[in-house]
Each structure stands twice: as C-alpha cells, then as structure tokens.
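First the structure, in the form of structure tokens, and then the observations on it.
Numbering (this note's numbering), first residue to last: 251 to 1192.
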C-alpha cells in the first residue's frame, strides 16, 4: 500500500466514522433494516437477526446467509441443522467451511483456528456474549499445553451449540482484543423455539488405526410455561474415544559440529573430518555445514479421551418489554496418553554421546544433508511415557434487557468463566544402550526413514538402566484461566435513520500456572538385568497403515511404568522421587501469574440513508480502553533466584467504521475500516525464566512483561451477490497494516555466557559449556498483511428432477504477508524476512451435498497450504514449518420416520499425515498419522 493509500485509510478512521456517515444519516434516510452485530445480539439474539426455521443442512446454510446479508460489517455464520444438531461433530471442523478460516488438529479433530492468516492468539472467542479461554494439553508435535490466549475448540461437543458467528471486521460495541476475528458461540435457549422439545442421540465411533469403538451420546430437553414467559432448557453430551498416533519424530536436524562433533575416526566419502564437524556461527554460514537428524526416532501415542458437557438456560419475561436469561455451560475433558518411543539419543548428546560416535559410511545430498549414515558407538534409548490430561470448563452468564420505550432500551450482562487444565501425572522412564554398533538410518526414501538397529530391541539383555544416565521424569503441571465480566449498554433510536449506542464494560482475567519436578531426573536406581526384565514389557504392532519401510523395528522393549512405579515407589513424593516447585529450575519456569483488568467505554452511531439513488446502512464508533496488567515469575536477580512481579498499564483509542450499500435487490457492497489490537500471549508476559535440560535438549526461555500489544489498521472491501434464496457469490479484499508483532528471539550460546548460576543446572546431565537454545519474546517490526476471499454457495434448485436436490459450497482464501524477524536486539543486527508464522498463503474448502425430505448426503474437502511454525529455526535452520494438508470428510443421514434419523459419518477419510519439517530443504521433523474415524448413530426427536 502506498503512502497515499495509508493516508486515505487514516482519513477514513479519523474523519469518515464521525462526520460523513452520521451527517448523511441525519440529513437523509431510507427505511432499510439492518441487524448489526452488537452486545445486544449476544444478550438476546432473537432481537438482532430474523431467524429462519432450520430443519436441514440446506436450511442451515440459508439461515447463515441471512445473518451475513443483514450485517453492516463482514460477518459469516453457521447455524444448527436442527435443535441439538450441529452440521459437524467438532466446532472447528464447521468453522473451516467459512472463508478465511483454517484449523489445526490434535488427535484427529480440530483444536484451534486461524483467521485470514492470523493464528489463535489473534482471535477472541465469546460464549453467550462473554469472552472465554479454554486450555487443553497435547503432544509437543501438536502444540503441547496451551498457555496462551488461543481457544481450544476440542473441549466441547458441538451438540451443545446452535450457532456460530465469525466477525471479521470490528465495531465499537464489540470488545477489543482480536486482529483476526471475534468468534461468537451461542448455546440453545428455551425461547429459541418456544415449544416443548426432547431430543435423544446415540452414536458409536470407530478408529481404524486404534481399532477401538466408543460411544457418543447426547440429549436435550426444553420447555416453556405460563404462556411462554418462563422457559428452561438443559442439554448434555458424552463421548469416549480411543486413538493411536504413530510415525517418525526426528526432533530437528543439526550440524555435524554440534554437541562436540563426531569422533575423529569418522569417515565420509568425499569429505574431510573438518567438513564433517564444521560448526556454523550464523545462518549465513550454515550452508557450509553438513546437517544430520538430531534424534532419529519412531513413536507411538495411545490416546484415550472422555468428554462430558452440559449446558442449561433459564429465561423469564416478567413483562413484554423485559427478558432475563441465565445461561450455564460445563465441560470436562479427561484423557490419558501412553507413549512408546525408540530413539538415537546419542546424536544430540555431548560428552560420552556424539563425540564417541563414529561415521563409517554415508551419503550427503545436494542440500548438504547427511541423508544416509552407518554408525558405530551410538547411544540408543527406549522410553515410555504416561500422562493424565484433564480440562474442566465452567461458565455462568446472567443477562437482561429492558425496553423503556419503543425507541430506548438498556441491556446488561455479568458472567464468570473458569478453565482449569491439570496434568497430575506426567511420567517418562527411559532405558539406554550405550555405544551400540552397526546402527544406520536412511532418509533417501519417501517421508519415513529406514532405521536399522543391528540388534534385537525386544530383549531385556540389550538394554540397561543406569543411575546418572537413564531418567525418571515426573512433571505434573497445572494451568488455570479465569474471566470475570460485566457490561452495561443501551441504545436510543432518534428516528428511523439514526440509532445511538453507548456502553461500558469491564473484564478481569487471571492466569495461574505452576509445575513440579524432581530435583534431579537422572538420579535413579541402577538395575540388574533381572530387575530390568521385571519392570519392562514388549511394545508391538507398530506401523500399521504407516507405510513403514522394510527393516524397521515394529516391536521393542519399553519400561513398564506401572511395574516400575510399584517396585520403586516413584509416586511416593519422597526420597529421590520427591517433587519440588522451587528447587528445580524447570519447575520454577512453569510458575507464572498474570492479572489483567480491561475497562472499556464506547459510543456508536448506527445509520441508514439514501445517497446517489442507493440505500446505505452502517455504523461508526469509538472505543476507549484502559488495561492494567500485573505478571509474576521466578527470575535471576543479581545472581540469585527471586520471585519478581511487574506492573504496567496502557490506554488505547480504537475507531471503527462499517458501511454497506444495497446496489440492487440482490447485490450488497461493503467497506469497513478500523483500528484493532491483540494483546500478547499470556505465557509470554512472565518476568521469569526457565532453564530446561530434557534428554539432549538444553534450553533457556524467558518471558517479557513489557511486551506491547499488536496494533493494526484495517481496511475491508467486499461485493456480494444473492441471486436466490440460500445462494451467495461473494468476493472480499482485506488489508492490515500491523505496527509490531510479538516474535521469539532465538540464539544459541554456551550456558556459561548467560550470566546464570551453575546451581540451576546442578543435578542434570548438562555442563556449563553446553550450547543452550535461548528464547525470549520481543516486539519486532510490523508489516502488512493482505489477501482476498471468494465464497460461492449454490443450491441447484433450478435443475430438473433429482438434480435439484444437489448443492455446493466453495471458498478460497489467499493471504500474503512479509515480516522482518529479529536475530538480535542489537542495533544493526540482521533480520530474517519471511511470512507470518502460522499463515497459509492458500486455503480452500469444497462441499457437495444432496438433500431431500428423507436423505441428506454430503462430502467435504479442506485444503490448507503449508505454513511456518518458527522463524528463524533452531540449530541455524532457516525455519520450522508444517506441510500442506488435504482432509476429506463425508456424512449421510436417512429419516426412517419424521422424528427418527439414522446417520453415518467418516472423518479424515484419507488418513492425512501431520508432516512437519525444518530448513528450506524440507528436512523431515515429524510425520505421524492417526487413522480414519467412523460414526454411526440414531437421533430421535420427541
């Protein structure tokens, strides 16, 4: 965008919102209805958008299009097909059908969303008008534990909700905090239908990789009394799932000279020892180094989850002009995860590890990657892990609306939400094999390596458990997010052309995180061969449907955690297995607190007018916000570890403007401009630091309580054609001028240069000369983000015969950005230019459906282009990233009777892999799959 364009945008923000729109609204007018998104809608949706009776997928699409058409800004919606029947089993899976929305998955289902290239940290989610955060855990390959502002959608069963709205443009009456979108989730209420309802649903699920079945049950009951002035609704849902995730887990690639380099006896055809062990000093010299996999490994995760949810609503109309609603939402996600992993730990271990490893033969490809190597003296490891992961979410909101006159009404909302994640058991036990001979790996095939061990990995005689080398990790952790909300707002209709809105709102957010560790994880019993055999078992059956190259192990010995715990009392919290949250640096690093208070006030004008022979409608407003923030954590101060608390506050002024014009009876044009903000991630605000030594990984990460929020100036243009009922062809352009991003500054330096005491690594396998990966979030330079969306929904009702029952949904999104990532905070330090982390340049979705009174069949394809996960990468890799995905789902239902429906559904039918890489040459980092999941069930509506 040129400087002239920027100036024009600034003019729209400062002047157009206040003078042009309001003056036209007062001077002229046309009675053209508009149902703008507002807090009133969140409190009482019935008064905001004319509802369409929804009885099927086609009707749900038509209802959603109604919401979009009547809004002033850019809003997309999804409506339930029927009460307690959302179009998809997972909320995120439904959201990806909206243009500009892409999702990330965990355990085969959607977890988080990104909107227009901006990840979950930049997207706010409100439930029944109140902001909320949900926190779940995951493997490191799927994002780990959520300690940020992102919303984990997988905690909820979709049956609890009846509508979603995605607001891509801002208005003053919607609370700040989002650069991507504000997503509104709404649960059902008794006044939605006004008639008695009882719905029962039962399904069975089956995963073809886990080869396990589980139940999925839901029920809803709703009724009104006293001529519809009192209503109650309750909904419950339960699901039990069993999944496997299996594949390769390489833990990045590193250069030959890392961790002390390979043994001097190493030979590699065509290369000298100096070339083999070359150590780059910067990304610019990394091209001279030979890179090899850090920890070649295969891994299997056995995951079981049980999800229970409930929602309830009470509504009361004491008078025709007053409505009071009490809504409650509860969800509990309880899961266990078992892990079996076989890895070459020695290739990333200094001291007695890599410096003793001898390269006997190998192949280096055109990108300087050691893609094949035959090695001696390799340290190998087998490990078992067991985790219990529980998330409990609860929310209560009380809202009321009173209309004093036909022109003046006041609404209020108070609410409380709590999301608590607990991982009370997080255990890893390892057995080791030092200086193994005849080991080889080969990455010259497809995306899975051939790993030949040279021995029988199932025999206890080939493994050892040695004090000081083998590990017993006990790492329980806990995260809690709490929101308290209160807001009061009103609106006054001056005339049919102008309505003024104003309101105040207050939000208090509290975040607490802590964990426990052993003082030293390498202190454990040295076991005799007989003792080791008594606390081990053989893991078998690995590699089903994986496409595993011939020769790889499909069974190996693993520690039996239950037997080990019984024999050696690892959960006794005493002796060498005592847990601490202050005497271990990593445990101290888990500690963090944040309290954030946001107070806002806004004024907004909604207007309708005629100009140039066309009816216009829109809104213009201003929001003023004050944020007070306090964060705490353990940090090193003058060589000593202390608990540090940091306070700060800041003020923001946020104008917004939305204008829609009905060019014809079927064509709508829109323009929106606004200034928006997104606050830094919660986990980034801690003043504390974390020294972590985990196996061969050595890191020091610290927070930054002085991070500034990301601010953006936004411009949206769109043109929409509604040719028939339920059809839309739309295109939109968006541009964001972002002043700063929160980026992670990464360096690699010896521990003894960090200014930290050696006591922080006492009891670990690290030495003061080891290279540590050092990270800290910083405000980096901003950049521009621009793109366009295309959306075409078409029921084919104009076709003859059975063809009229078909229809399709197509959407495509293109997003482009360019960000300068810092490599140092020093003046003049080089930067790395790359796309925004998490941004997929291309995303597309397609759904083909067929629907009659008795049949409903549809298939969906979702494509997401690859995206970057980290810039710059570790070990002087230029980037970390995730390759593109193509997910295929299908579902069908048949109405056996008017109130009895049979349904079948298949999710992830192509068994798409989670394929992650490092470096510009696409070095394999992770490649796992979780199989296909099928559902069959019955639904009865009384």
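Cβ atoms here follow ideal geometry from the backbone N, Cα and C, with glycine treated the same way.
Because the structure is a prediction, the values reported are computed rather than measured.
Same chain, Cβ closer than 6 Å to residue i, five either side skipped, listed in chain order
| i | result |
| --- | --- |
| residue 555 | 491 and 585 |
| residue 283 | Residue confidence is low: residue 283 scores 33 on pLDDT, short of 50, so the model does not pin down where it sits. Its coordinate-derived value is still stated next. So no residue of the chain qualifies. |
| residue 1113 | 1094 and 1136 |
| residue 1184 | 456 and 1156 |
| residue 771 | 721 and 723 |
| residue 1040 | 981 and 1062 |
| residue 246 | Missing from the structure shown is residue 246; the chain here goes from 251 to 1192 and no further. |
Contacting residues, own chain, Cβ-Cβ under 8 Å from residue i (five flanking each side not counted)
| i | result |
| --- | --- |
| residue 977 | 315, 1043, 1044 and 1045 |
| residue 710 | 779, 782, 783, 786 and 807 |
Alpha carbon of residue i to alpha carbon of residue j, nearest angstrom
| i | j | result |
| --- | --- | --- |
| residue 871 | residue 926 | 13 Å |
| residue 651 | residue 661 | 4 Å |
| residue 399 | residue 729 | 12 Å |
| residue 1151 | residue 1106 | 10 Å |
| residue 766 | residue 1125 | 29 Å |
| residue 1191 | residue 353 | 32 Å |
| residue 715 | residue 510 | 25 Å |
| residue 786 | residue 1176 | 27 Å |
| residue 637 | residue 628 | 29 Å |
| residue 761 | residue 606 | 46 Å |
| residue 494 | residue 858 | 56 Å |
| residue 813 | residue 679 | 11 Å |
| residue 941 | residue 1003 | 14 Å |
| residue 1014 | residue 947 | 11 Å |
| residue 560 | residue 769 | 41 Å |
| residue 963 | residue 446 | 48 Å |
Residue nearest to residue i in terms of C-alpha spacing, selected from the options
| i | options | result |
| --- | --- | --- |
| residue 475 | 384, 441 and 671 | 441 |
| residue 675 | 738, 570, 627 and 820 | 820 |
| residue 817 | 852, 1057, 1009 and 783 | 783 |
| residue 1035 | 696, 1049, 327 and 1066 | 1066 |
| residue 704 | 688, 695, 698 and 697 | 688 |
| residue 1033 | 961, 899 and 338 | 961 |
| residue 1263 | 940, 1086 and 775 | What the structure shows of the chain is the stretch from 251 to 1192, and residue 1263 is not part of that stretch, so it cannot be assessed. |
| residue 565 | 681, 649, 411 and 372 | 649 |
| residue 901 | 874, 1134 and 635 | 874 |
| residue 617 | 536, 658, 576 and 1147 | 536 |
C-beta atoms of residue i and residue j nearer than 8 Å
| i | j | result |
| --- | --- | --- |
| residue 483 | residue 408 | no |
| residue 799 | residue 698 | yes |
| residue 980 | residue 969 | yes |
| residue 322 | residue 885 | no |
| residue 881 | residue 832 | no |
| residue 757 | residue 848 | yes |
| residue 1121 | residue 1168 | no |
| residue 385 | residue 669 | yes |
| residue 855 | residue 748 | yes |
| residue 753 | residue 423 | yes |
| residue 630 | residue 590 | no |
| residue 930 | residue 887 | no |
| residue 1116 | residue 1127 | no |
Residue i, enclosing beta strand (DSSP E) - first and last residue
| i | result |
| --- | --- |
| residue 838 | Segment 835 to 840 is the alpha helix (DSSP H) holding residue 838; no beta strand (DSSP E) there. |
| residue 741 | 727 to 745 |
| residue 998 | 978 to 1000 |
| residue 453 | 447 to 457 |
| residue 356 | 351 to 356 |
| residue 609 | 608 to 614 |
| residue 872 | 864 to 887 |
| residue 1201 | Residue numbering for the chain in the displayed model covers 251 to 1192; residue 1201 lies beyond these limits and cannot be assessed. |
Beta carbon proximity, residue i to chain D, threshold 8 Å
| i | result |
| --- | --- |
| residue 1058 | Given the protein chain composition of this structure (a single chain), no chain D is represented. |
Terminal residues of the alpha helix (DSSP H) in which residue i lies
| i | result |
| --- | --- |
| residue 319 | 307 to 320 |
| residue 816 | 811 to 818 |
| residue 779 | 779 to 784 |
| residue 331 | No alpha helix (DSSP H) holds residue 331; DSSP gives it neither H nor E. |
| residue 771 | Counting along the chain, residue 771 falls outside any alpha helix (DSSP H), and DSSP gives it neither H nor E. |
| residue 344 | 341 to 345 |
| residue 1170 | Here residue 1170 belongs to no alpha helix (DSSP H), and DSSP marks it neither H nor E. |
Neighbourhood of residue i by C-beta, 7 Å cutoff - its chain only, sequence neighbours within 5 removed
| i | result |
| --- | --- |
| residue 1143 | 1106, 1151, 1152 and 1153 |
Residue i CB to nearest heavy atom of the ligand SAM below 7 Å
| i | result |
| --- | --- |
| residue 497 | Because no ligand of any kind appears in the structure shown, any question about the ligand SAM cannot be addressed here. |
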